[in-house]
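Read through the structure below, which is laid out as structure tokens, and then see the notes.
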Amino acid sequence: MSDSERESDSEGRTLSELAKRRGFFFPSNGVYGGVAGFYTYGPEGAALKRHLEDAWRDRFTVKEGNQEIEAPTIMPEAVFEASGHLDGFDDMLVECADCGESHRADHLIEDNTGIEDAEALPIQEVEELIREHELVCPSCGAALAGEPVEEFNLMFETTIGPGSGQQGYMRPETAQGIFVEFPQLAEYARNQLPFGVTQIGPAYRNEISPRKGVIRVREFTQAELEQFVNPERDEPDLSRVSDVEVTLYPIENQREEGREYLTTTIGEAVEEGTIASEWVAYYLGIAQEWYERVGVDMDRFRFRQHLPGERAHYASDCWDAESELGGDWVEIAGFAYRGDYDLSKHADHADEEFTVFEQYDEPITTERATVDPDMSYLGPEFGGTAGEIADALETLAERDRAAFGGETVAVEVAGESHEIPIEKTGFSIEEVTESGEHVTPHVVEPSFGVGRTLYTLLAHAYREDEVDGEERSYLSLAPEMAPTTVGVFPLMDRDGLGERARRLASDLRESGLEVAYDDSGNIGRRYRRQDEVGTPFCVTVDYETAESETVTVRDRDSTAQVRVPITELSDVLAALRDGGRAFGSLVDEYEELSVGPENAPE
RNA sequence: GCGCCGGUGGUCUAGUGGUAGGACAUGAGCUUCCCAAGCUCAUAGCCCGGGUUCAACUCCCGGCCGGCGCACCA
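Mapped onto this note's numbering, the consecutive letters of the first sequence carry residue numbers 11 to 612.
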């Protein structure tokens with residue numbers, strides 16, 4: 011076992027054990043034997059996920075001035091015919107009868123025959139090609155001719171409506187729900203580019219082999235932004251992020267053995283051309299700051315550029331955000347410049363405009379040669395070909411207005427030349443004023459995996475240390491992310507402390523804090539319980555509370571405690587949660603609690 | 001999908017051809033004036049199906065689930 015495997019094993023085991031025991035996540039449907047690739051988020055996990063989504067929404071929807079929508083998860087076949095998922099999401103597998111290895115049939119053909127885009131070919135033809143070219147198994151060399159080519163589509167199929175119904179699919183990405191509604195969405199954006207539409211929700215992929223717990227699952231949550239821009243004009247506000255430092259892993263560095271990552275700023279990376287698209291660069295910068303905010307360890311994080319081979323064919327520049335988990339780098343977000351690929355595809359298939367009308371600053375007036383053929387002449391004269399002749403005249407006028415300079419003009423229809431008197435063509439030079447043009451927007455797509463990000467937060471927050479000689483493990487989650495913000499305990503559940511603490515817990519909940527109340531076991535046990543689920547602060551009602559109307563507030567990471575007046579408590583806790591202040595700043599303002607044998611009251 | 005390994009309370013684990021023991025956790029109580037202490041009691045388990053056998057948690061076969069490797073990951 012390599013170091014990284016051992017590391018991965020140990021981190022994965024520790025985390026999945028913690029996740030299950032503490033209610034972050036666990037495999038679904040366990041009582042019926044379970045089914046691979048589906049996970050249930052328990053109480054702690056669901057809260058953490060909600061906070062993560064809220065933070066994403068705050069940054070990528072609200073702060074960017076975008077609009078969030080919620081589209082269905084089941085969509086009809088036509089959507090995926092247009093998007094390319096029906097063909098492109100198909101894998102054609104052929105299995106070697108000799109050694110049992112499965113291979114991508116389309117890749118074998120492309121590699122050995124010079125045929126391109128074999129993916130698009132029907133199954134029978136692929137089987138035929140394997141036979142014709144006498145392709146062999148790359149692993150063992152056995153002939154593959156005659157082996158069946160199996161089609162495997164990563165999309166879940168379903169039937170819409172009763173009976174045979176209509177073929178539908180679970181969406182493999184949330185993005186299509188935005189693209190197909192573009193005409194409506196553009197209308198809501200008052201046809202003003204640029205605008206962005208976000209969506210947070212589940213997507214489905216029938217993975218061949220789900221792995222690594224929540225990292226590769228068949229149902230997962232995406233948070234996606236589709237930023238629609240006018241490629242000729244719209245630019246992001248790079249000044250906003252130009253000083254943001256990022257760790258980049260560009261193509262050149264991946265190709266050369268031993269080359270380190272590139273630590274630079276977004277501004278420099280754009281200037282140097284490391285990041286080709288300014289829009290992609292902008293969102294890398296925004297994302298960098300966001301990942302820091304939610305608690306990703308930036309020493310275990312990088313942006314990696316897609317190699318040309320792994321890039322989708324429509325993406326001109328694509329970067330992944332990757333986090334290091336148990337020694338492996340895992341994709342947690344993708345940032346792609348998708349051009350007009352998606353909207354154009356839907357425009358072709360849907361017989362609908364997927365454009366925005368962009369008004370020019372000044373109307374442009376141009377001269378245009380037009381014809382208005384006299385059909386009462388052309389009809390009797392040319393019979394059935396009259397219509398085609400009229401079309402030919404129009405085409406000719408656009409192409410070569412000089413042809414209309416003589417007495418007659420000659421057009422060719424179906425190989426035959428016809429002479430038309432100029433006065434019957436209705437030829438004229440017109441002034442045409444255009445106030446704008448229809449533009450198919452380009453799409454910049456930051457696409458986040460919520461589950462993978464959540465797992466990263468847990469992995470990067472997990473700590474073990476020692477407190478008073480006792481080992482403890484805790485999650486150093488960002489206060490904003492933590493499932494519970496504050497634990498409230500009575501030091502003893504007697505002498506009225508319990509009642510006072512319960513009342514305090516209730517008051518804090520009313521003020522909008524997420525509170526856990528616990529009076530079971532000794533105080534240390536309760537601290538450890540909260541430590542393990544990442545609760546950043548614990549409040550204890552003790553014997554002094556009744557006298558001074560103060561409680562102790564304990565910091566998870568340092569275990570330090572200060573005594574805070576109850577009247578200020580909810581404000582202080584909210585500020586700690588929202589990042590308005592750090593626990594360290596409380597020490598200056600409030601009395602620090604020191605507890606030990608020498609301080610204990612007699 | 002293929003190969004290797006595994007599956008015992010919530011978690012971690014011991015063990016056996018005659019249906020199971022521990023630790024932690026959890027609950028009740030005692031104790032305890034700030035960091036998993038102690039004591040008593042309680043709850044709770046052999047992944048599923050078939051086979052062999054008088055008898056299967058144990059042996060065999062299949063499935064499901066998990067880990068790892070291969071393949072796959074638009």
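Where a beta carbon is used, it is the ideal one built from N, C-alpha and C, also for glycine.
Check: Starting from HIS170, follow its DSSP beta bridges and name the residues at the other end.; Outcome: It is Ile, not His, that sits at residue 170 in the sequence shown. Answer is GLN176, bridged to ILE170.
Check: So for ILE210, helix, strand or coil by DSSP?; Outcome: strand
Check: Could you tell me the alpha carbon to alpha carbon distance between PRO53 and THR494, rounded to whole angstroms?; Outcome: 10 angstroms
Check: Touch check for the stretch 445-465 and the stretch 225-244: three-plus C-beta pairs under 8 angstroms?; Outcome: yes
Check: GLY33: which of ASP552, GLY544 and ARG510 sits nearest, CA to CA?; Outcome: GLY544
Check: When the Cα of ASP247 is compared with those of VAL290, PRO220 and THR555, which residue comes out closest?; Outcome: VAL290
Check: For PHE593, which residues in the same chain have their Cβ closer than 6 angstroms to its Cβ, ignoring the five residues on either side in sequence?; Outcome: ASP565
Check: Using the beta-carbon count (16 or more within 10 Å), is ALA556 buried or exposed?; Outcome: exposed
Check: With distance defined between alpha-carbon atoms, name the residue in ASP64, PHE205 and ALA65 nearest to PRO451.; Outcome: PHE205
Check: Keeping to the same chain, check which residues put their C-beta closer than 7 angstroms to that of ALA213; ignore five residues upstream and five downstream.; Outcome: ARG181, PRO182, GLU183, THR184, PHE230 and GLN232
Check: Using CA atoms only, rank isn't needed, just tell me which of LEU485, LEU154 and ASP97 is closest to ILE119.; Outcome: LEU154
Check: From the DSSP output, which residues share a beta bridge with HIS452?; Outcome: VAL239
Check: Taking LEU406 as the reference, which of SER386, GLY393, GLY389 and ASP382 has the closest Cα?; Outcome: ASP382
Check: Please state whether DSSP places LEU317 in a helix, a strand or coil.; Outcome: coil
Check: Roughly how many angstroms lie between the CA atoms of ALA424 and GLU447, to the nearest whole one?; Outcome: 34 angstroms
Check: Can you give me the C-alpha to C-alpha distance between PRO37 and GLY337, rounded to a whole angstrom?; Outcome: 23 angstroms
Check: Which residue marks the beginning of the alpha helix (DSSP H) containing ALA196, and which one marks its end?; Outcome: 192-198
Check: What does the Cβ neighbour count give for ASP352, buried or exposed, with the cut at 16 atoms within 10 Å?; Outcome: buried
Check: May I ask you to check if the CB of GLN315 is nearer than 7 angstroms to at least one heavy atom of the ligand PLP?; Outcome: Among the components modelled here there is no ligand, and therefore nothing to report on the ligand PLP.
Check: Whose C-beta lies closer than 8 angstroms to the C-beta of ILE432 among residues of the same chain, with five residues either side of it excluded?; Outcome: PHE414, GLY416, GLU417, THR418 and VAL419
Check: Quick check: the Cα distance between LEU26 and GLY223, rounded to an integer number of angstroms?; Outcome: Correcting the residue type first, residue 26 is Ser in the shown sequence and not Leu. Roughly 7 angstroms separates the two Cα atoms.
Check: Taking the alpha carbon of THR274 as the point to measure from, which residue in VAL498, PHE313, VAL582 and TYR301 has its own alpha carbon closest?; Outcome: PHE313
Check: In the DSSP output, what is GLY446 paired with across the bridge?; Outcome: GLN369
Check: Residue range of the alpha helix (DSSP H) that ILE533 falls in?; Outcome: 533-542
Check: Work out the CA separation of GLU363 and GLY22 for me, nearest whole Å.; Outcome: 49 angstroms
Check: On the criterion of 16 or more Cβ atoms from any shown chain inside 10 Å, does TYR484 qualify as buried, or is it exposed?; Outcome: buried
Check: Near GLU476, what residues of its chain come up, given a Cβ to Cβ distance below 8 angstroms and the 5 sequence neighbours on each side ignored?; Outcome: ARG482
Check: Please report how far the alpha carbon of VAL45 lies from the alpha carbon of TYR51, in whole angstroms.; Outcome: 15 angstroms
Check: For the alpha helix (DSSP H) containing GLN264, name the first residue and the last one.; Outcome: 261-265
Check: Run through DSSP, which three-state label would SER252 get?; Outcome: coil
Check: Drop a sphere of 10 angstroms on the beta-carbon of PHE345, count the other beta-carbons inside from all chains shown, and report buried for 16 or more, exposed for fewer.; Outcome: buried
Check: To the nearest angstrom, how far is the alpha carbon of GLN237 from that of VAL449?; Outcome: 15 angstroms
Check: Please classify ARG348 as buried or exposed, where buried requires at least 16 neighbouring CB atoms within 10 angstroms.; Outcome: buried
Check: Can you give me the start and stop residues for the alpha helix (DSSP H) that ASP121 sits inside?; Outcome: 115-123
Check: I need the boundaries of the beta strand (DSSP E) containing MET85, first residue and last residue.; Outcome: 84-86
Check: Please identify the residue among LEU579, ARG228 and GLU144 whose C-alpha is closest to the C-alpha of MET165.; Outcome: ARG228
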